[in-house]
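Protein sequence lines, in the order shown, are assigned to chains R and U. Going letter by letter, the first sequence gives residues 1 to 245 in my numbering. Going letter by letter, the second sequence gives residues 1001 to 1289 in my numbering. Before any comments, here is the structure.
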Amino acid sequence: MTCLPGKTDKALGLVIDLDTCVGCQACVTACKGWNDQGYGAPLSDQNPYGAEPSGTFLNRVHSYQVQPDAAAPMIVNFPRSCLHCADAPCVTVCPTGASYKRAEDGIVLVNEDACIGCGLCAWACPYGAREMDADAGVMKKCTLCVDRIYNDTLPEVDREPACVRTCPTGARHFGDLADPTSAVSQLVAARAGYDLMPEQATRPTNKYLPPRQKDRPDQASLLAPLLDIKATGFAGWLDRVLGKI
Amino acid sequence: MNPAPSVIVFTVLSGMGFGYLALLATFHDYSGAAAFWHWAFGYVLATIGLMASVFHLGNPQRAWRAFTQWRSSWLSREAWGAVLTLLAFAPLALSDWLGLGLPRGFGWLGAALALATVLATGMIYAQIRAVPRWHHWSVPLLFLAYAVAGGCLLAGFRVSAILALVAVAITLWLHWRIGDGAFARAGSTLGSATGLGARGAVSVFEPAHTAGSYLLREMIYVVGRRHVPKLRMLALGAGVAAPVLALLLVPGTAGFGLAILLYLVGALAQRWLFFAQAEHVVGLYYGKR
């Protein structure tokens, strides 16, 4: 049944740090690479080398400009993927039971063998997290790399989502957000992590950490002490002699 | 939202078909061959619509699975409603055709199911909070009004058809008036979508991808929005005012034939606009609506 589980034992999800994301798109590539193999229909591309390429992606990185009233504008790179919502509207609209939220860990998944490709779940998602695969005709979405995180055949260090494993700046964190003692929960508490579009009443599991305030232009440069060079040795003697002439 | 032709044809024809079947079962009393042809026509209309809806599926061979989630999904409820309605009318249709004398009261069950099915169709759209223009009770009301008006036209009830068309016009006006401010009232902005709104004005610096995607094609369909006033005039003028005039001025079957054609033009224009004009909040991430 596509009714939502009342409560999940865990709430596995991602915490994305907008302060450290550099917008390199490595997570997009890693996600596409991992999901081309193994779990479900591979993420297909249409006309990949043609004039109008198109393809299925589960993770996309946007880039926004924020212009404060009285400060320099800021560029924020913004990864967007499934938030594994507690009140996932994509699950309840599904007519076939293909779309479901797991009671044990809260991951929202699609059973592709039961998906008829009606697209209603993608309409119901406010975040654009679901994309219909044009080749397979089934709905694709972030699986939180369910085929990695529980995979005993992988080295332990690799048992996290591909996007998290690959992020070169450590901007992506994976863990149980239902456990207040977990590293991700503490990170969210320390950095005031927030939900996207709370007015859509989806109660997302994934949290975003806001960019830190940048230095003001009138504040002294961090490099200032290094620029005050005191010459020593021969250069110091030369400095003194030349100063006296 | 992308106005898929199959969905537009489906919602217009099946709505009209269910409206017609409901009236055939409750207010008409055909017998013999006439009954056969009238019932067959109603069944064909409703079924063509249902068949059309299957064509926009990615995997139509699994369509039977859509009957499993009636407890949570309006789409599943619609599928059940459609099949139950067609089954509920069957004994009465046979009785009319073969003269078995089943009481007319039997038709009310089917009529209630037919209206419930149309209501479920409307709820499929009205339940979607991410499309603020649709997330309102005026949407199922609009689908019901169109179904009843279409049914009255096909059933040949002149006064009822005129009244139903007036109801369509009022509901359309209400739906447009409420819908036009719905996105702003929903409160979703690029600021809330990114969570950065409190810091300052957020705008798109670079798109996530330069090529097209499913999201852009499906949710951020902007073609129809340029022609909104013209399409609204078409929906109201051709779809409501003109059929009313045809019913008032042209006597006999010709008036109904003309009115039905005009109604179809208006209903198709309205349904196209219904999808094309609806803005999904995901468009915010792309700096579009």
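Ideal Cβ positions, reconstructed from N, Cα and C, are used throughout, including at glycine.
For a Cβ distance threshold of 9 Å, residue set 1200 and 1201 of chain U lies close to residue 69 of chain R, ordered along the chain. Between residue 1032 of chain U and residue 1097 of chain U, the C-beta spacing is below 8 Å. Excluding sequence positions up to five before and after residue 1131 of chain U, its CB lies within less than 6 Å of the CB of 1278 and 1280, all in the same chain and listed in chain order. A straight-line Cα-Cα distance of about 29 Å links residue 1070 of chain U and residue 197 of chain R. In this structure, the CA atom of residue 1172 of chain U is about 46 Å from the CA atom of residue 29 of chain R. Between the alpha carbons of residue 1068 of chain U and residue 1027 of chain U lies a distance of about 34 Å. Distance from the Cα of residue 72 of chain R is smallest, within the candidate group U:1192, U:1104, U:1201 and U:1015, for U:1201. Contact annotation: in the segment 95 to 128 of chain R, residues whose CB is within less than 7 Å of a CB in chain U are 95, 96, 97, 114, 115, 116, 117, 118, 119, 120, 122, 123, 124, 125, 126, 127 and 128. Linking residue 206 of chain R to residue 1078 of chain U through their CA atoms gives a straight-line distance of about 33 Å. Using beta-carbon distances, residue 1260 of chain U does not count as an interface residue toward chain R, since no partner is under 8 Å. The three-state reading of DSSP puts residue 1201 of chain U in strand, counting E and B together. Ranked by how close their Cα comes to the Cα of residue 1186 of chain U, the residues U:1284, U:1206, U:1148 and U:1199 have U:1284 in first place. Taken in chain order, the members of the segment 1175 to 1205 of chain U whose beta-carbon sits within less than 7 Å of a beta-carbon on chain R are 1186, 1187, 1188, 1192, 1193, 1194, 1195, 1196, 1199, 1200, 1201, 1202, 1203, 1204 and 1205. Around residue 145 of chain R, the same chain offers 161 and 162 as residues with beta carbons nearer than 6 Å, after the five sequence neighbours per side are excluded. Taking the C-beta atoms as reference points, residue 1089 of chain U is found nearer than 8 Å to residue 1110 of chain U. For the segment 1213 to 1224 of chain U, the set of residues with a beta-carbon nearer than 8 Å to any beta-carbon of chain R comprises 1213, 1214, 1215, 1218 and 1219, in chain order. Just so you know, the alpha carbons of residue 1095 of chain U and residue 1017 of chain U end up roughly 20 Å apart. Here residue 1196 of chain U has 1202 as same chain residues with Cβ atoms under 7 Å from its own Cβ, once five neighbours each way along the sequence are excluded. Put simply, the CB of residue 199 of chain R is near chain U, with a gap under 8 Å to one of its CB atoms.
Residues of chain R with a Cβ closer than 8 Å to the Cβ of residue 1057 of chain U are, in chain order, 116, 117, 118 and 137. Sorting U:1154, U:1105, U:1133 and U:1009 by C-alpha distance to the C-alpha of residue 1037 of chain U places U:1154 at the top. Boundaries of the alpha helix (DSSP H) around residue 1256 of chain U: 1252 to 1276. With a 10 Å radius around the Cβ and a threshold of 16 neighbouring Cβ atoms, residue 59 of chain R comes out buried. In the DSSP annotation of this structure, the continuous segment of the beta strand (DSSP E) that includes residue 172 of chain R starts and ends at 172 to 176.
Of all residues in the segment 186 to 197 of chain R, only 194, 195, 196 and 197 place a beta-carbon less than 9 Å from a beta-carbon of chain U. Here DSSP, grouped into helix, strand and coil, assigns residue 165 of chain R to helix. In this structure, the beta-carbon distance from residue 1265 of chain U to residue 1241 of chain U does not fall below 8 Å. Between residue 1215 of chain U and residue 131 of chain R, the C-beta gap is smaller than 8 Å, which places the two residues in contact. Taken in chain order, the members of the segment 39 to 57 of chain R whose beta-carbon sits within less than 8 Å of a beta-carbon on chain U are 52, 53, 54, 55, 56 and 57.
DSSP, reduced to helix, strand and coil, places residue 79 of chain R within a strand of the structure shown.
Per DSSP, residue 67 of chain R lies in no alpha helix (DSSP H); the unbroken beta strand (DSSP E) holding it starts and ends at 59 to 67. Residue 1131 of chain U carries a coil assignment under DSSP once its states are collapsed to helix, strand and coil.
Contacts with chain U at 8 Å (Cβ-Cβ) do not include residue 181 of chain R. Using a CB distance below 9 Å, the part of the segment 1073 to 1105 of chain U facing chain R consists of 1073, 1074, 1075, 1076, 1077, 1078 and 1079, ordered along the chain. Here residue 1023 of chain U has 1151 and 1155 as same chain residues with Cβ atoms under 6 Å from its own Cβ, once five neighbours each way along the sequence are excluded. In terms of CA proximity to residue 1179 of chain U, U:1134 leads the group U:1065, U:1165, U:1260 and U:1134.
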